[in-house]
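*Asks:*
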Amino acid sequence: MSQSSLLFIFIDSFIINNIVLMVFLGICPFLGVSGKLDTAARMGAAVIFVLLVSSSIT
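As structure tokens, this is what we get:
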């Protein structure tokens, strides 16, 4: 295997298809700001926006 294909596999598995990172991004707002409804709704909307944009890019 060439170095470029190994680098592509690393980037693909570590950044793009990282299930742990995706779960962490989904649960972090729930744990961090679920004290107030207003703050939790804003953080939830921000997370949904970021996940939609990042999934459309990849």
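Residue numbers for the sequence shown, in our numbering: 6 to 63. Note that CB positions come from ideal geometry on N, CA and C, so glycine has one too.
(1) Please return the same chain residues whose Cβ sits closer than 7 Å to the Cβ of Phe-19, not counting the five positions on each side in sequence.
(2) Following a CB-centred definition, is Asn-22 positioned closer than 7 Å to any heavy atom of the ligand COA?
(3) Kindly indicate which three-state DSSP category Ser-61 falls into: helix, strand or coil?
(4) I believe Leu-30 touches Leu-56 by the beta-carbon criterion, under 8 Å. Please report the beta-carbon distance rounded to the nearest angstrom.
(5) Is Ala-50 close to chain D, meaning its C-beta is less than 8 Å from at least one C-beta of that chain?
*Replies:* Working from what's here:
(1) Counting from one through the sequence shown, the residue named residue 19 turns up at place 14. None.
(2) As far as ligands go, the structure on display features none, and thus does not contain the ligand COA.
(3) As a working note, residue 61 is residue 56 in the sequence shown. If DSSP states are grouped into helix, strand and coil, Ser-61 belongs with the helices.
(4) As a position in the sequence shown, residue 30 is number 25, starting the count at 1. As a position in the sequence shown, residue 56 is number 51, starting the count at 1. Leu-30 to Leu-56, Cβ: 7 Å. Contact.
(5) Given the protein chain composition of this structure (a single chain), no chain D is represented.
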